[in-house]
Structure formats: structure tokens, C-alpha cells
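In what follows, a structure is listed as C-alpha cells, so that the remarks can point back to it.
In C-alpha cells form, the structure reads like this:
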């Protein structure tokens, strides 16, 4: 995997694997570069190796094979307290007996900064996380989101090269979680610090990340910008994990996919087609031309507020597909209706092999 110019990377894992004494392998052959000043997310289902990867960056786990470099220096065997990183867990571990300001000042004091320097750092961090009026409060007097901000300020006060965050928003309710996603992105942008964020939530990763590493079974599936991963998934796992999609398997020749009695035009070779539900047009009668145009019958629908999700069966032994329409375009279409569906060949992504 191409990781880019090593001099422009704040973190670089090279051919890293982790096998535990019981024989369980958590990460296999991972090579990954994280660019300076970016918000980078490790995304994947539970048990895919993302937290283990983060812990190897932090020094809490030592790789079985491979190397870990931070800011261009080999850190593979360097203990956690000697690495230019800070790690924030879901459990924030703020000091309950200290004020907000004292929590933030803890690291700078340990580093023997002068009182004036500590006051400046605390003031700057409080401004950064928008808690300037909360310096004298104790953690128990703060909301969950405010406690998150204090934890981030405390970590950034140590001026880490890389800030590591292991699902820190998982315990928050949905509304607060969305607010904190925006706050995290703003704090990262304004601080200029490289953030590495672990999450299993696709929407969260799309919202906050500059780039995402999608993992499965201890391996990298794909790395790229959120739009790249969604619009051009490299594997069947990537296509299905990152949002809803229709997978049609078959054989392709002459830009035509054949699956049983069903055929459609494609934009290239492959053994499976990934077609997003929103890429399919549907009406009782389509008036625009499409590379692929079929009659279908609506078997089910689900109202989702701004959109409506339909299940449709293509007539004449075709597959059942999911179609998503804006609610304002879905009026009048009901289960049992005969409809026409269509999509352009390049709206679908052809996958080389299913994983």
C-alpha cells in the first residue's frame, strides 16, 4: 500500500501484526500512514483490530512484527509515557477532586513548566474547547459533553504530536454525540494536531474524518476520503459496511453483467456489482433515458422521513433491489404497483471479488 511521503506523516505503521499469547491474531500485515494535521479515523466492526492498532500507536501494545514510527522516529519499543501521544478513552478518567483548570494543568505541571506557562496553556486550552467560564468547576458539575471537552483540553495541553481517541463519544446520547462530533472537528482544525479516532459508526466517521481506514478481520480493506470510500468501494465488504447497497453477482463480458436470466450494462469488468439505492430512478413511467431500464413490482416500502425506501422485484426473473427516493418524489407509489426503474452504467461500482 502506498502511504505517501514519510516526511509528511505524523504516524507510520509498517507491516504491523499483533498476535496474543493465546494465539489470537488481532492485526495482520498492516501498513498505514497518517498525515500531519489530519483527522484520521479507524473504522470497522467490533473485533476488526482498530482499537489494537490504536493501542500499538500509543505503546500500550507492542507489535508482534513490524514497526511503529511517530514524527519520523521509530517508537516500536518506546514505552507509552515517552511517546509524543495522548490517548482518550470512552471513560474519561478526569480527576474528580480537581477543578477543570487543575485537570488541564496536570500534564504541564508534570513537565515542570513555569507557573506563567501553565496559566497560559490552561487559558489557551479553555478558549480552544470553549469552556473559558468553567475553570473553577469540578467534573461532577459539568455535562457529559463538557467533560469530553475538558478531557480533550487536558490531552492537548501536553502538546502531543498525535492525539488518539478510542470511541470517546460512545457513551453520549445521540443529540450530544452529534454536537460533540462538530466540536471535535473544530477543535482539531483549530489546534492543528493530528487526531486518530476509533469508531464503529460509519456516519460518525464520515462526519468528522479527512480520511478513513476501513478494517475487517485485522486487515485493511480500504483507505481514502469518506466520499471515495462511499462512492468507489474497493471490496464487497466496503460496499456493504459503508451504507446501504444492492449487490448483484454474475459474470461480465462486453460490458454486460449476466446473473441468471438478468442482464445489465456495466462500466467495467468484475464479478459483483454494487449499486446504491439512491442511484436508481423509479417512477410509474420513466421519461429519461437510462443505460439500464427495467419493469419492476414494488413489494414493500418504509417511510424514513426525508426519504422512502422501497423493495422492488425486477420483472422476468430479475433480482430484488432496494430503491431510495426523496419523500417528495415517492408519493403515489405503493406496494403492489408496477413501476419502471433505471440507472446509468457508471452509477454502479464493479467489484473484483467479494470478501
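Residue numbers (the working numbering): 1252 to 1606.
Ideal placement from N, C-alpha and C gives every residue a C-beta, glycine not left out.
Of the other Cβ atoms in all chains shown, 16 or more fall within 10 Å of the Cβ of residue 1292; this residue is therefore buried. It is roughly 13 Å from the alpha-carbon of residue 1464 to the alpha-carbon of residue 1452. Going by C-alpha positions, residue 1335 is about 8 Å away from residue 1322.
In the DSSP annotation of this structure, the continuous segment of the beta strand (DSSP E) that includes residue 1510 starts and ends at 1507 to 1510. Residue state for residue 1354 is assigned as helix, using DSSP reduced to three classes. In its chain, beyond the 5 residues on either side, 1417 have a beta carbon closer than 6 Å to the beta carbon of residue 1340. For residue 1398, the secondary structure class from DSSP, reduced to helix, strand or coil, is helix. Residue burial is scored here from C-beta neighbours: residue 1310 has at least 16 other C-beta atoms within 10 angstroms and is therefore classed as buried. Of the residues 1437, 1494, 1278, the one whose Cα lies closest to the Cα of residue 1305 is 1278. Distance from the CA atom of residue 1504 to the CA atom of residue 1295, rounded to whole angstroms, is 33 Å.
Per DSSP, the unbroken alpha helix (DSSP H) holding residue 1428 starts and ends at 1425 to 1442. With distances taken between CA atoms, residue 1566 lies nearest to 1547 out of 1551, 1547, 1575, 1584. DSSP places residue 1376 in the helix class (H, G or I) of the three-state scheme.
Per DSSP, the unbroken beta strand (DSSP E) holding residue 1291 starts and ends at 1290 to 1294.
For residue 1455, no beta strand (DSSP E) run applies; the uninterrupted alpha helix (DSSP H) run containing it begins and ends at 1453 to 1459, by DSSP. Here the region 1567 to 1579 makes no contact with the region 1593 to 1600; the two share fewer than three CB pairs at distances below 8 Å.
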